[in-house]
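Take a look at the structure set out below.
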Amino acid sequence: MNADTGSTVTASVNQGRPAKLSARGIAKRYGMVDALLPIDLDVAPGEFLTVLGPSGSGKTTLLQLIAGLIEPSAGALFIDGRDETHTPAHKRGVGVVFQSYALFPHMTVRENVCFPLQMRHIPRAELQRRVAATLEMVGLGALQDRFPGELSGGQQQRVALARCFVYQPALILMDEPLGALDRKLRETMQIEIKRLHRDTGATIIFVTHDQDEALALSDRICLMNHGRIEQLGEPQDIYERPKTLFAADFIGISNVMRGRVGPGGMLETADGALPLPAGAPCPAAGQTAALVIRPEHIELLPPDGTALRGRISESVYAGSEFRLLVTLDSGTTLVARRSPGHAELRIGDEVALGWAADRARLLPA
Ligand SMILES: Nc1ncnc2c1ncn2[C@@H]1O[C@H](COP(=O)(O)OP(=O)(O)OP(=O)(O)O)[C@@H](O)[C@H]1O
Ligand SMILES: [Mg+2]
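Residue numbers (numbering that gives the first Met the number 0): 0 to 364.
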């Protein structure tokens with residue numbers, strides 16, 4: 000079998016029925032290194048789950064365990080309820096697409112895409128029908144007689160996707176498949192992958208360290224940190240309700256105000272007392288905590304007697320908005336957004352800052 004090529008040879012071809020995955024206490028240890036601490040994970044049939052996290056957080060290890068490319072140190076793995084923990088990779092019916100396209104250089108596009116079906120002894124008529132449909136689906140119909148060396152990076156990546164989707168695996172694993180592409184092409188391919196997912200209904204587990212990619216593609220995001228699941232949830236849920244400072248910081252831009260909970264339900268910070276969001280469980284007075292406020296929730300107002308004042312220290316034009324850095328008296332810098340058309344603010348201008356108290360998240364510091 001050839002895992003890099005996504006051409007894992009399965010005994011039977013799944014008939015396009017997406018698989019359900021359950022991991023129970025699955026873990027991987029290399030000598031003294033815990034690449035993955037015991038985790039539980041359930042992925043629903045047809046779900047698009049993104050595994051997101053910094054370098055070394057265990058993303059590839061998790062994928063290799065699901066693919067059967069490495070043996071777990073502990074735990075069990077179930078595909079559609081069957082215990083597949085020790086099933087060899089080529090019998091799992093799992094498709095794999097990696098960052099390096101690993102196409103066969105001496106085969107044409109069409110031959111590359113035929114290969115996984117030939118390995119599975121799919122009858123000729125069926126093979127031709129599926130290959131043609133898949134090449135059409137990824138927009139490579141016109142390029143099918145070229146060799147990989149005659150294609151752009153994005154086109155090669157499409158061949159790799161076609162070669163995986165063509166045999167309709169029940170579960171598709173992708174490890175940073177767009178990592179080598181430029182931003183524009185990445186965004187085009189993201190839309191492509193979303194469409195492939197919708198058209199095929201496959202269960203997909205997609206690894207990336209790009210938070211925008213994760214937000215754009217996923218039904219749910221599994222955020223990893225140091226071999227653990229930091230938070231698992233829908234993109235909007237993780238963005239709006241991060242459970243930890245790590246999650247708040249890794250996904251989107253966060254302004255963090257650290258301090259100590261005061262007696263009157265306020266957070267005492269170096270920049271004064273800030274109101275805590277109503278309804279949030281309030282830590283006992285004296286405990287350290289942090290308020291997290293997204294840039295889009297910060298309002299910039301004309302300076303007045305308000306507690307929080309600062310000066311515009313930088314203004315970055317980002318097309319649809321200005322990103323303004325505001326430096327407070329304590330030296331803390333916050334990021335705010337402002338759409339063009341608002342009264343212009345210049346570097347050095349003094350402003351008051353405000354936000355609706357319930358837009359802030361109170362997290363343990
Ligand atoms: N074969 C191995 N032997 C020893 N340690 C390993 C091995 N493979 C991975 N590790 C370690 O396990 C941890 C997790 O690695 P993993 O490749 O899963 O990270 P990752 O999240 O995919 O990172 P990246 O974003 O850089 O690809 C790292 O600390 C890594 O050094
Ligand atoms: Mg990796």
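C-beta: ideal position from N, C-alpha, C; glycine also.
First through last residue of the alpha helix (DSSP H) which encompasses residue i
{"i": "Arg162", "result": "Gly152 to Phe164"}
{"i": "Glu212", "result": "Gln210 to Leu216"}
{"i": "Met265", "result": "Taken as a continuous stretch (DSSP letters only), Met265 belongs to no alpha helix (DSSP H), being part of the beta strand (DSSP E) at Met265 to Thr268."}
{"i": "Thr452", "result": "Here the chain has residues from 0 to 364 only, and residue 452 is not among them."}
Three-state class that DSSP yields for residue i in the structure shown
{"i": "Thr332", "result": "strand"}
{"i": "Glu70", "result": "coil"}
{"i": "Pro274", "result": "strand"}
{"i": "Val112", "result": "helix"}
{"i": "Glu83", "result": "coil"}
{"i": "His341", "result": "strand"}
{"i": "Leu324", "result": "strand"}
{"i": "Asp357", "result": "helix"}
{"i": "Lys19", "result": "coil"}
{"i": "Met106", "result": "coil"}
{"i": "Leu366", "result": "Outside the displayed range of the chain (0 to 364) lies residue 366, so it cannot be described from this structure."}
{"i": "Leu299", "result": "strand"}
{"i": "Thr60", "result": "helix"}
{"i": "Arg219", "result": "strand"}
{"i": "Ala101", "result": "coil"}
Whole-Å CB distance - residue i paired with residue j, under 8 Å assumed
{"i": "Leu35", "j": "Ala26", "result": "5 Å"}
{"i": "Arg337", "j": "His296", "result": "Incorrect: roughly 12 Å between the Cβ atoms, too far for contact."}
{"i": "Thr59", "j": "Val206", "result": "7 Å"}
{"i": "Thr332", "j": "Leu323", "result": "Not quite, the Cβ-Cβ distance comes to about 10 Å (not below 8 Å), so this is no contact."}
{"i": "Leu172", "j": "Ile204", "result": "5 Å"}
{"i": "Ser54", "j": "His225", "result": "The Cβ separation is near 11 Å, so there is no contact."}
Residue interval of the beta strand (DSSP E) (run including residue i)
{"i": "Ala247", "result": "That residue, Ala247, is in no beta strand (DSSP E); its alpha helix (DSSP H) goes Leu244 to Phe249."}
{"i": "Asp144", "result": "Note, Asp144: premise wrong, no beta strand (DSSP E); not H, not E."}
{"i": "Leu177", "result": "That residue, Leu177, is in no beta strand (DSSP E); it is neither H nor E in DSSP."}
{"i": "Gln230", "result": "Arg227 to Gly232"}
{"i": "Gly380", "result": "Examination of residue 380 is not possible in this model, given that the chain is present from 0 through 364 alone."}
{"i": "Glu295", "result": "Counting along the chain, Glu295 falls outside any beta strand (DSSP E), and DSSP gives it neither H nor E."}
{"i": "Ser312", "result": "Arg308 to Tyr316"}
{"i": "Ala34", "result": "Val32 to Val42"}
Environment of residue i [buried if 16+ CB atoms lie within 10 Å]
{"i": "Gly264", "result": "exposed"}
{"i": "Val32", "result": "exposed"}
{"i": "Ile190", "result": "exposed"}
{"i": "Arg183", "result": "In the sequence as displayed, the identity of residue 183 is Lys instead of Arg. Answer is exposed; the Cβ neighbour count stays below 16."}
{"i": "Ile228", "result": "buried"}
{"i": "Leu352", "result": "buried"}
{"i": "Ala355", "result": "exposed"}
{"i": "His120", "result": "exposed"}
{"i": "Gln156", "result": "buried"}
{"i": "His105", "result": "exposed"}
{"i": "Leu300", "result": "exposed"}
{"i": "Asp181", "result": "exposed"}
{"i": "Ala141", "result": "exposed"}
{"i": "Val350", "result": "buried"}
{"i": "Arg197", "result": "exposed"}
{"i": "Glu125", "result": "exposed"}
{"i": "Glu175", "result": "buried"}
{"i": "Asp39", "result": "exposed"}
{"i": "Ala10", "result": "With a pLDDT of only 32 at Ala10, under 50, the local geometry of the prediction cannot be trusted, and the value read off the model is given with reservation. That one is exposed."}
{"i": "Pro147", "result": "buried"}
{"i": "Ser253", "result": "buried"}
{"i": "Ala213", "result": "buried"}
{"i": "Ala18", "result": "buried"}
{"i": "Ser329", "result": "exposed"}
{"i": "Ile346", "result": "exposed"}
Distance cut-off 7 Å: residue i Cβ against heavy atoms of ligand 4
{"i": "Ala66", "result": "In the structure on display, ligand 4 does not appear, and the ligands it does have are ligand 1 and ligand 2."}
Run the Cβ filter for me: residues under 7 Å from any heavy atom of ligand 2, listed in the order they occur in the chain. The set of residues with any CB-heavy atom separation to ligand 2 below 7 Å comprises, in chain order, Lys58, Thr59, Asp174, Glu175 and Val206.
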